[in-house]
Amino acid sequence: MVKLSWGVLTIIPNLLLFLLIVLSLISGKTTIAAGWQVRLLLAVIAVVFVGLFEELTFRVLINDALLYSLRNNKHIFLWITIISSLVFGSIHVITGSIFTDSEVLISAVFMTLSVGISGLCWLLLYWKTRNIWGIALIHALCDFPSFLSSALTETKFSIGGADNYTGAGAIGIGMYLIQIAFSIIAVIILWNKVGKTIVEEIRKNW
Numbered sequence: 013m014v015k016l017s018w019g020v021l022t023i024i025p026n027l028l029l030f031l032l033i034v035l036s037l038i039s040g041k042t043t044i045a046a047g048w049q050v051r052l053l054l055a056v057i058a059v060v061f062v063g064l065f066e067e068l069t070f071r072v073l074i075n076d077a078l079l080y081s082l083r084n085n086k087h088i089f090l091w092i093t094i095i096s097s098l099v100f101g102s103i104h105v106i107t108g109s110i111f112t113d114s115e116v117l118i119s120a121v122f123m124t125l126s127v128g129i130s131g132l133c134w135l136l137l138y139w140k141t142r143n144i145w146g147i148a149l150i151h152a153l154c155d156f157p158s159f160l161s162s163a164l165t166e167t168k169f170s171i172g173g174a175d176n177y178t179g180a181g182a183i184g185i186g187m188y189l190i191q192i193a194f195s196i197i198a199v200i201i202l203w204n205k206v207g208k209t210i211v212e213e214i215r216k217n218w
């Protein structure tokens, strides 16, 4: 039986990032922003709503609408996985100035892949469990380290956009590669567990 716990694999790299942020603050290498308590509360509220909104949008509205409209199409599941993953990954960088230099552009590409593959894992979980609330929580936990970093360290508090995620150099690209690796592992595990039956189940029950 597939449980939402498999989605934890997509959180592990972000937990490492969270630990690095905390250690940096404790060591004094990073100065904590004034009014951090309020900013932290706003970050928690924002990350919960963003996670829920994006999951309702991509895993429920878009996915279900496409499945319902094109449910008799032989390759609809393949098209949904490709299109939804690419669009989901792209929206996380499209607001930023990704063409300022090659480093930022490369980071944006890796971030698109990282987010897109995580989205694919969550899509498989949604298809199998139909538990959007649990997946939204996993999504929020994945987003939290970047929101936390912005809330505690930046002069101007922001809650998203490519400028917060790209252009981090080799360390940033390394983090994206780790995220991609863990997400691919999660997708492979889920596909091996449910891939042979999930398509027929959905066609029959939805």
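In this note's numbering, the protein residues as written are 13 to 218.
Where a beta carbon is used, it is the ideal one built from N, C-alpha and C, also for glycine.
Report yes if the C-beta distance between residue i and residue j is below 8 Å; otherwise report no.
| i | j | result |
| --- | --- | --- |
| Asp155 | Val59 | yes |
| Ile103 | Ser195 | no |
| Pro157 | Ile33 | yes |
| Ala120 | Gly63 | no |
| Leu153 | Trp18 | no |
Could you give the residue range of the alpha helix (DSSP H) that holds residue i?
| i | result |
| --- | --- |
| Phe70 | Counting along the chain, Phe70 falls outside any alpha helix (DSSP H), and DSSP gives it neither H nor E. |
| Lys140 | 114-141 |
| Leu29 | 24-39 |
| Leu164 | 144-165 |
Between the options, which lies nearest to residue i when the distance is taken from Cα to Cα?
| i | options | result |
| --- | --- | --- |
| Leu21 | Trp134, Ala182, Leu160, Gly184 | Trp134 |
| Ile214 | Leu153, Lys140, Leu52 | Lys140 |
| Phe30 | Asn204, Ser162, Lys205 | Ser162 |
| Ile185 | Leu164, Met123, Lys216 | Met123 |
| Leu164 | Ala55, Leu117, Ser81, Ile118 | Ala55 |
| Leu52 | Ile210, Phe159, Val206, Asn204 | Phe159 |
| Ser114 | Ala182, Ser36, Gly101 | Ala182 |
| Leu125 | Val116, Gly101, Lys205 | Gly101 |
| Gly131 | His87, Ile118, Glu67, Asp76 | Glu67 |
| Val1 | Lys41, Ala77, Ile118, Val105 | Outside the displayed range of the chain (13 to 218) lies residue 1, so it cannot be described from this structure. |
Review point. Enumerated in chain order, which unbroken segments of the alpha helix (DSSP H) with a length of 4 residues or greater are wholly contained in the stretch 74-108?
Key: Complete alpha helix (DSSP H) runs here, min 4: 75-81, 88-102.
Check your understanding: How about the stretch 63-77 and the stretch 144-151: do they share at least three Cβ pairs that are nearer than 8 Å?
Key -> Result yes; three or more Cβ-Cβ pairs closer than 8 Å.
Check your understanding: Is the stretch 191-211 touching the stretch 18-31 in the sense that three or more CB pairs, one from each, lie closer than 8 Å?
Key -> Of all C-beta pairs linking the stretch 18-31 to the stretch 191-211, three or more are shorter than 8 Å, placing the two stretches in contact.
Check your understanding: Touching or not, the stretch 86-100 and the stretch 194-206, by the rule of three or more beta carbon pairs under 8 Å?
Key -> No, the stretch 86-100 does not touch the stretch 194-206.
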